[in-house]
Each structure stands twice: as structure tokens, then as C-alpha cells.
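Here the sequence shown is numbered in the numbering used here, starting from 4 and rising by one per residue.
From the three backbone atoms N, C-alpha and C, an ideal C-beta is built for every residue, glycine too.
Remember, predicted model here, so these are calculated numbers, not experimental data.
Scroll down for the structure; my scribbles are underneath it.
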Amino acid sequence: MTPSGGGVHVVWFRRDLRVHDHAPLHQAARRGPVLPLYIVEPAVIGAADFSPRHWTGLRDALEDLRLALGRLGQPLVVRFGDAADVLERLGRAWPIAALWSHDETLTAAAAVRDGAVRAWARAAGIPWHALPQPGIVRPGAGDERRPDAWRLDLRQPLAPVPTALAPLPADADGRPIEPGALPSHAMLGLAPDDRVEIAPAGEAAALAALDDFLDHRGARYHLDAASPVTAWSGSSRLSVHLAHGTLSLRRAHQAAHARLAAVRTGGRAARGAGGGDWLHALAVFGGRIEQRCHCIQAFEDLPAIETRNWEPAYDGLREDAFDAERFAAWCAGRTGYPLVDAAMRALAGAGWLNFRMRAMLVSFAAHDLWLHWREPALHLARLFADYEPGIHYPQVQIQAGTAGRAGPRIYNPTLQARAQDPDGLFIRRWVPELEGVPDSYLHAPWLMPDPVQRRAGCVVGRDYPAP
């Protein structure tokens, strides 16, 4: 219980690892001493959708957040354990006036966690102020039927960064709070992150990436985002920052609109290098923000699609026909289809892939290999450094054809390879077995005559799988 003299305001950071546009932090700082808290939860670390690369990004973001909060006067406090137990222990030493957080779009495991925290707060008489994330409307909020609610929300002013955080008082024994170490992978029982490319994930990197995209890289966004050759630099590359919350979607939306307004009024050049068109590029980027909001809203409204078919009419269609050998080949990037294999290996090596290639991987698993979507979804979740459940599960089901919203989306992997990687740059980078294959056969190596295979040093069925 909180004594009459008040207490500390705990700001529980979750998927919002930033100080800019952080309404819970802003509101808590106005009311008293703030205890900024991140909880490393065993249930999260041990979940089927978690992997070492997720902790790499989280740890980097948490280090940056700790520095940013320290500059405000109160560094981040890190604790390990179940959330309700951690809050109970902290409350014994530092009486809690209120708990503040953003709402999360919840997986089943996170919903159980939140239920336990809600029960603890109710029993302790502590109010929990869970404020909505930008662009998402909780059922029952009153305006969920408005199709433009997400847009109106993203236009709201950014929550100001507090000018300072009052230092926490000492506990009853006169001891200051111990910030707590950020555990290493080994301390959490996680394997090392095996990626060959690891991008920074903290708030400073997020804001720099946003500025770089809107000032330089984004002029060809509408042209470059589809191809795995050009998307590495031509996409926004903001997804990992939005997933960890090191970048506010509201800030990204408003920055893009400001850039668009500057182009329209002639304050900024409308043309970019290499045929770029800022007006077109920013319009397409705005559409992607809208699509992101719609996906997460769908998961918010129907969280059961994490494990069940979106459209029940498809129940039983693939569940009993799961082929473990085909699944293993797909996971390893050894299906015999060069673009599919390059996409999977690139994702394993870097933790990121552009949207069209992600869609192709799911469609190929579901329609060509006839795999139920659930196991492929978990495998991809572990590989995506930018894993966001609210986007992941709706998109997986849409591509797998179980959403019931449109016809199945089937990508011809050979035609896609010829269209999106005509010179084979992406394929040869990630599938070195095909390095010597002539361009005319690269996208369909099984068509090579035997003498060509031997000269290329790639015998199909021996050096590279037959499809």
C-alpha cells in the first residue's frame, strides 16, 4: 500500500524503449519521483517465439534508454523475474503511488502476464495507468468504429520529454536503489547471436535512421522496396525500431508529413538521385504506416489468430499433412528454388528481409510445400529481429490464405527471381553454391544440361538441391 505521504511512480517500459513521445513517462514525471523499470521476464525469454537476436536488440535499446534516462536524472532500473513478483518486491522498499505503462497488443503469454499484474495492483490498491500506443484503439475505447481513428491519433502532439526526473528517495534502510545489470546472453541461458549483420537498435540510432530515410535514402522508396537487391538501403529500415519502440510511430508519421509538406511547398527538392520522386515515395511510405496500424488493430481485435486460423472454414486443411522434411529444407534455405533459399539465408544471416520476400517465404511454405502456417510463423518470428506479433500473425495468415479476406496469394518463385533479382546479385551473395551458374540458368538451375552443371561446379542434387 502507498503511505499518505505519497510514493514513487513506476514507469514500466515494455515495447516502448524511448524517452521521446512517451506519454506514461511524461505523466508520471509530472506527479512525483519516477522509478523507470524494465523487467527481464523468464516467460518471455523462454517463449517459442523468442531468440538470441531479440535479446541483442533489446539489450542495445535498453543500454541506450538507460543513458537517456540517466541524463534526465534517474537511470533505468532492470530486474529479472515474473512481473508481478518484481513489482511486489519493489513496492516493499519503495512504496508505489501508481504504475504507468503503455498498453500492449498482447500475445497469449503477455495477456497472462498482464492479468497477474492487474490482480497484484488491485490487491495492493495501486492504480495501473496503461495508456494507448499511438495508432491503436483498444476495444471499448469508444471510437474503435471510426475508420480514421488511427490517423487522428497519429496527428496528436508528441508527449514532451521530461526536463528532469527527481532522484528516487532511499529505501527504509537508507540505501539507494540498485539499477541492476543488463544480463548477457550467457546469463540468460541464450546462445550467442549468430547473425553476420547486426544493426544498432537504440533510440539514438532510431532517430538517426528516420532522418536519414526522410532526408536521403527514401526518394526511391516506391521503386526500391520490392527488390531484395535494393531494399537493404532503399527501404526505411525502421521496423526494428518500431518493434522495440525506440521510435514512436507518431513521430515517424509526423516527420514524414512534415517532409511531404516541405516538398509540396517547394521548401525541399521534389526529386532525389536516381529517378527518385519524393512525393510518390512519401505517399507509399504513408500507406505502409496505415497498413501497419491496420494489421496491429486486427490482432488487437482478434488475438486468437496467434494460434488459430483467422477463418475457421480452413480448419483441418493442412494440420494433418505437415511434412517435417519439407519444413526442415525450407528452414535451412535448401528447397532448390534459388530466390526462396537466398531469402531464407539472408534472413538467418541478417535478421531482416523486405516485405515482398517475407510474403514469398510464407506463401511458398503454405502453398508449394503445403505446410500449416503455425510452425513456419514461429520459425520466422525467431529470425525476425523486428518481430512484432501484431503485424506478424495477420500477415502470415493473409499470405497463407487462411485469413478469408481475399484469394490465396501465391508467388511464383522463379518469376519473382527473374523480376526482383534479374542479375542474380542477391542470389549469388546468399547461395554461393550457385556462384558459377550462368545467368541464363541461375533462376532455374534444374534446367541446366549436365555438361553445363559440371562446368559451373554445381551439380543439381549434389551441390545444390533439386526442387
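Would you kindly work out how many angstroms separate the C-alpha atoms of residue i and residue j, rounded to a whole number?
| i | j | result |
| --- | --- | --- |
| residue 408 | residue 401 | 8 Å |
| residue 460 | residue 466 | 8 Å |
| residue 257 | residue 13 | 29 Å |
| residue 457 | residue 223 | 40 Å |
| residue 314 | residue 406 | 5 Å |
| residue 168 | residue 374 | 52 Å |
| residue 244 | residue 452 | 47 Å |
| residue 353 | residue 129 | 43 Å |
| residue 226 | residue 28 | 39 Å |
| residue 380 | residue 427 | 27 Å |
| residue 358 | residue 367 | 14 Å |
| residue 390 | residue 446 | 29 Å |
| residue 207 | residue 199 | 22 Å |
| residue 399 | residue 378 | 11 Å |
| residue 285 | residue 209 | 18 Å |
| residue 387 | residue 33 | 37 Å |
| residue 328 | residue 297 | 35 Å |
| residue 190 | residue 43 | 12 Å |
| residue 50 | residue 218 | 39 Å |
| residue 164 | residue 249 | 14 Å |
| residue 412 | residue 403 | 7 Å |
| residue 214 | residue 455 | 48 Å |
Beta-carbon within less than 8 Å of residue i's beta-carbon, same chain only, minus the 5 sequence neighbours each way: which residues are those?
| i | result |
| --- | --- |
| residue 97 | 10, 11, 38, 171, 172, 174 and 180 |
| residue 24 | 137, 161, 162, 251, 253 and 254 |
| residue 343 | 333, 336, 363, 364, 367 and 416 |
Tell me which same chain residues have a C-beta within less than 7 Å of the C-beta of residue i, skipping the five on either side of it?
| i | result |
| --- | --- |
| residue 469 | 339, 449 and 463 |
| residue 299 | 108, 139, 393 and 394 |
| residue 212 | 240, 241 and 244 |
| residue 247 | 18, 20, 60, 61, 64 and 204 |
| residue 360 | 231 and 346 |
| residue 4 | Residue confidence for residue 4 is low, a pLDDT of 37 falling below 50, so the modelled location carries little weight; the figure read from the coordinates is stated next. Only 127 and 128 meet the Cβ criterion. |
| residue 220 | 236 and 237 |
Determine the DSSP secondary structure at residue i, reduced to helix, strand or coil.
| i | result |
| --- | --- |
| residue 129 | coil |
| residue 65 | helix |
| residue 373 | coil |
| residue 39 | strand |
| residue 28 | helix |
| residue 317 | helix |
| residue 387 | coil |
| residue 11 | strand |
| residue 401 | helix |
| residue 82 | strand |
| residue 358 | helix |
| residue 381 | helix |
| residue 23 | coil |
| residue 100 | strand |
| residue 330 | helix |
With residue i and residue j assumed to form a contact (beta carbons below 8 Å), what rounded beta-carbon distance in angstroms separates them?
| i | j | result |
| --- | --- | --- |
| residue 83 | residue 186 | 7 Å |
| residue 52 | residue 291 | The pair is not a contact, with the Cβ atoms about 23 Å apart (cut-off 8 Å). |
| residue 113 | residue 26 | Their Cβ separation, rounded to whole angstroms, is 20 Å, which puts residue 113 and residue 26 out of contact at 8 Å. |
| residue 229 | residue 423 | 6 Å |
| residue 124 | residue 102 | 6 Å |
Skipping 5 residues on each side, what residues in its chain have a beta carbon closer than 6 Å to that of residue i?
| i | result |
| --- | --- |
| residue 502 | The chain is shown only over 4 to 470; residue 502 falls outside these bounds and no answer can be derived. |
| residue 196 | 55, 56 and 59 |
| residue 383 | none |
| residue 133 | 104 and 106 |
| residue 68 | 20 and 79 |
| residue 8 | For residue 8, the pLDDT reaches just 46, beneath the cut-off of 50, and the residue's location in the model is therefore unreliable, although a value from the coordinates is still provided. Result list for residue 8: empty, nothing under 6 Å. |
| residue 433 | 345, 348 and 349 |
Shorter than 9 Å from the beta carbon of residue i to some beta carbon of chain D?
| i | result |
| --- | --- |
| residue 111 | Checking the listed chains, one finds no chain D in this structure; it contains a single protein chain. |
Problem - Secondary structure, alpha helix (DSSP H): runs of 4+ residues fully inside the segment 229-295 - result: 234-237, 242-247 and 252-267
Problem - 4-residue-minimum alpha helix (DSSP H) runs that sit fully inside the segment 153-218, ordered along the chain - result: 206-218
Exercise for the section: Output the residue ranges of the alpha helix (DSSP H) runs that lie fully inside the segment 422-451 and measure 4 residues or longer, sorted by chain position. Expected result: 428-433 and 442-445
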